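To keep things clear, I will list the structure first and then write my remarks on it.
Chains as they are written, first to last, in this note's numbering: chain Y, 4 to 478; chain U, 862 to 1153; chain E, 198 to 714.
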């Protein structure tokens, strides 16, 4: 029987696109109909639709589909394992004594915003490259210092993301594909360098982290020959109510639980070990960077697959939001202006105090956790200014713009749906739905630090630029 | 126009033979009740999600509460079609005829005895609390008190049955009518199950049949019309398809068949299915004792 | 302690809702105890036992729903009760919240495995993309949108044809699939007549006449207005005929269209020849001989098409009310019209309805103008000014241009109507009013004040203004057909029982002696 004749004898079940009245009429006749939350692709811009149509041509579309399948297969199959800690200079590729890594796409010293400048100055003092902050500003502007995005050095950095040579970093190895990723250690939640603070208390803490925390963690992990399976731990943390971007309570508990036996076995004085545990206990953010490195490690494995439109990086430097896609190998950034973060602020601060969206932490959303997994973390929906229903809605909605579900990491509340994985720029533009990002709000002035948390989105412009470029290059 | 899929023999006859007219009594997602103008009897239109049942016509619809049909809308037959205002037209000629024929109580009760044990155990584990089955954490004092009374009165009734206390049967049964939460009160549901067993041909407790009929006559003001109709039908051996299947399975089927059939009964209403099943068990246990 | 009791008479909730409401009500802040249940004697007994009996509760009966809310403080009772009440009213909306929403056809098709059809009505610039996605997902498509290029139409229809799917449209306004009317359609009986139509209102008219004559419809397949052009080649109509031929429930097939392009007509006629079922062909203004030669049944009017179809479907001739023309009425109106009142002005929402009346007029007059005339000599020079006999299709692009279609908003022709009503050379104004899915909720109502005003004006000026109204709809359509017709008749409008009759009445009423045949 032909498909048309099959239709005649079955119940009609309609997907309605456009005039909603038609859906109501169908429902009134007791047939099934679903109305699409449709919006014109590319916001209806003719050049964007033309670009979409170009890459929709069958031959290219097939190539893109195949490439994207491969890209998400790599993301899903990646097994990032924490294998150790060491100073950046020893392990991060391309690191030099005078290199400062920062969050987001490339940016010059002059163009950096307040918090990032503050963090750079603090790092220069910490590294002994300047004797005080005043001199640090001169050094930074002198051209002696190499500034580069963390992302271009297999790394990620929280908030300002400032990483210098002697800071300790996580070493995460992808057991499936062999690549490594790095990120520095959490300074926890006081006045911190990553938020642009740089007074003596900040420098003193960095020194302690370099001299006590870092070596203890390094030596502890040397005793752990297996490494720590971060993907497995991440999946557990999500089942325990984290989304592993803005909520890390469970993840930090799991993480320190697995480090503790080895820390105890190291040859450091008990007081110092005690300091380490107190430091970890001072903020549940401790494992935040760990998950970032885990995500980075998986996404780097999927970068550079020809014809793939899957997003492998979303990062912000406080001025611009940058996106990289797998099909554009190397360091091709597509950028747009960094956005405001909308959410509740700590008492005494107003929206105009907030700096623009900053940090590499959106790597978590790029991987499919954080804002994408809001449904796992009902406890913090208020923190990001939403309701539980909205949180569930976000996690579902992100499926509209992604390629697959990662069944290794699931959301119990959504019937153990795998996290939405492999943001496809075509789908972002087709639907007009932007990835949702959970993040902290830093004060726009250097040195004040975190003043709230909320949600934000990338600028559509970055995706549009990427689409136009590939449509010209590939079609 | 909507087609009727299947219908209760008596209801279909009423529609075809009499100039059936009625009014809408109540509307739910999966059922719509109609009160006959002639004698006030309640008839039901059910969606495909429901099983066949006495006085019920199953029609080819998934949902009934989105048609803007309201209480007291007029219902009438016109040329083989049942019409509710201009909101719903149902062609009844397509309906296959259904009628409940209860099985005969078996002489060999080996299977039955085992099935009763298994079904009880399953209800203990998976039955819905709130009615006959006591909730571990009642939401209110009202619920707790209701549960207590249900327990007390069903026990009295059951003990009376087992001891052939014909004199107290009526009073104990009437004490249950209208007791409990839900559209069909739990006490009524329990009685539906119990009356079904009493109605089985060859059933040792079929001596109570005439008493059931007199309970029916006295109970009308004690409960709502929907529940009354269901109980009245049960007293004359007419019960819905899923209950019929469960009775058949328990009397002569395997354990697996019994549990399968039980699951369908447990799905009725909120706690109604559980309450009905417990009524069946009460009757069957009495039978086993009396027949023993 | 404070208690609030509300008894809702004869109110029934299903048990599942009652239980969950009761649980939720007991969790409301401030509530010590909440009871939601039926007011049976036994339940009242329980309430007495827990010490909440009040005179109102005493009065509840077995069919009533009792709501009892107890709070510790008197000032909390009312707000707690309101919260309970809100639970009752929100019982359904709470479910809707968790409904999954989809943004693209791809995700919806994936999420709804039973989906088999897409209705697409987005702006034409985006519609092709969506239609293609739908077809790629094996969905049958009805494309309501217009402004789609003919190249895109051919591409979509070819894709659909190769996949064995329906591709109705672009610019397809009407379909009935499996008894469900889509976009602009009428509620009609299920039956044994299948329709394939390139014109929306034409097919609505045929389906409504079929219903009126006691017949019924299996499927109504729309093709879009351009399907029978040379470029498209009738892909959808040919597939439609084949599908209806293979459909067991269909006994008779009706084709509705403007006359096809010559090469396409050949293909369609060949298909008719091959078809195992009788085919009635209503090609408005088309060629009878060719159709008959191919073994088809030719119909000159929509009414004739419907009548032939129901007779072929086996409906008893004797039982059909054929709604003959009211000849005495025609004579009566002729007598009332002055010699200057020579012209018809047709103001239509439905394109085919306009076409049909116009073709009927053209049989008798050679001065018939329109905005949709095929012959350029008779195209209106200025669409806002009528010439002699004028028929206007307000649904044409000339008039819609960004505004809603007149079937959705029939008020767009009010002004023009008043203009025509003032013209002393006008004898008859004929209008259509379309009911059914997608249409305006009271199309007659919006015209009524203007009709009354026009009638009064004419009377003041001492002339008779004849207004003919045709209401396209069935007795089971919404709004109610009877009500709409009654409104017209009460306002002194002559009611035509079909599109064909409307055209004939208008024509005959203005025929003067010298034209008489």
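We treat Cβ as the ideally placed atom computed from N, Cα and C, and that holds for glycine. Every value quoted in this text rests on a predicted model; they were computed, and no experiment measured them.
Taking a contact as a CB-CB distance under 8 Å, the pair residue 162 (chain Y) and residue 246 (chain Y) does not count as one, their CB atoms being some 18 Å apart.
Straight-line spacing of the CA atoms in residue 560 (chain E) and residue 497 (chain E) works out to 12 Å. Per the coordinates, the alpha-carbon of residue 704 (chain E) lies some 55 Å from the alpha-carbon of residue 61 (chain Y). DSSP, read as helix, strand or coil, puts residue 310 (chain Y) in coil.
At a cut-off of 8 Å between beta-carbon atoms, residue 21 (chain Y) makes contact with chain E. In the DSSP annotation of this structure, the continuous segment of the beta strand (DSSP E) that includes residue 105 (chain Y) starts and ends at 102-105. For residue 1034 (chain U), the enclosing alpha helix (DSSP H) starts and ends at 1027-1037.
The beta carbon of residue 586 (chain E) is closer than 7 Å to those of 540, 541, 558, 562, 564, 565, 566 in its chain, skipping five residues each way along the sequence. What residue 922 (chain U) touches in chain Y, judged by beta-carbon distance under 9 Å, is 33, going in chain order. Around residue 132 (chain Y), no beta-carbon contact reaches into chain E at under 7 Å, the shortest distance being about 50 Å.
Using beta-carbon distances, residue 883 (chain U) does not count as an interface residue toward chain E, since no partner is under 8 Å.
In chain order, 1001 make up the part of chain U whose C-beta sits under 7 Å from the C-beta of residue 231 (chain E). Between residue 946 (chain U) and the set U:862, U:969, U:1013, U:899, the nearest pair of CA atoms involves U:862. For residue 298 (chain E), a Cβ of chain Y is located within less than 8 Å of the residue's own Cβ.
In this chain, the alpha helix (DSSP H) harbouring residue 264 (chain Y) covers 252-268.
Residues of chain E with a Cβ closer than 8 Å to the Cβ of residue 1006 (chain U) are, in chain order, 243, 246, 247. A check of alpha carbon separations from residue 899 (chain U) across U:884, U:955, U:980 identifies U:884 as the nearest.
In the three-state reduction of the DSSP assignment, residue 472 (chain E) falls in the coil class, being assigned neither a helical nor a strand state. As the crow flies, the alpha-carbon of residue 940 (chain U) is around 55 Å from that of residue 408 (chain Y).
The Cβ atoms of residue 34 (chain Y) and residue 17 (chain Y) lie closer than 8 Å to each other. For residue 1089 (chain U), the uninterrupted alpha helix (DSSP H) segment begins and ends at 1086-1096. Against residue 517 (chain E), chain Y offers no close residue; the least beta-carbon distance is about 27 Å (beta-carbon pairs closer than 9 Å). Boundaries cannot be given for residue 415 (chain Y), as no beta strand (DSSP E) includes it and DSSP labels it neither H nor E. A contact is defined here as three or more CB-CB pairs under 8 Å, and the region 1107-1125 of chain U fails this definition with respect to the region 1024-1034 of chain U. Neighbours of residue 353 (chain E) in chain U, taken as residues whose beta carbon is under 8 Å from its own, are absent, since the nearest beta carbon is some 32 Å off. For residue 386 (chain E), the neighbours in chain U by C-beta distance under 8 Å run, in chain order, 862. Residue 933 (chain U) has a beta carbon lying at 8 Å or more from every beta carbon in chain Y. For the region 372-453 of chain E, the full-length alpha helix (DSSP H) segments reaching 4 residues or more read 397-409, 432-443 along the chain. For the pair residue 237 (chain Y) and residue 444 (chain Y), the CB atoms are not nearer than the 8 Å cut-off. Bridge partners of residue 87 (chain Y) according to DSSP: Y:174. Looking at the DSSP output, residue 337 (chain E) shares a beta bridge with E:314. Boundaries of the alpha helix (DSSP H) around residue 358 (chain E): 347-360.
Along the region 1017-1050 of chain U, the positions whose C-beta sits under 8 Å from a C-beta of chain E are 1036, 1037, 1038, 1039, 1040, 1041, 1042, 1043, 1044, 1045, 1046, 1048, read in chain order. In the three-state reduction of the DSSP assignment, residue 622 (chain E) falls in the coil class. Burial check for residue 198 (chain E): the Cβ neighbour count within 10 Å stays below 16, so the residue is exposed. If you draw a 10 Å sphere on the C-beta of residue 235 (chain E), you find 16 or more other C-beta atoms in it, and that means buried.
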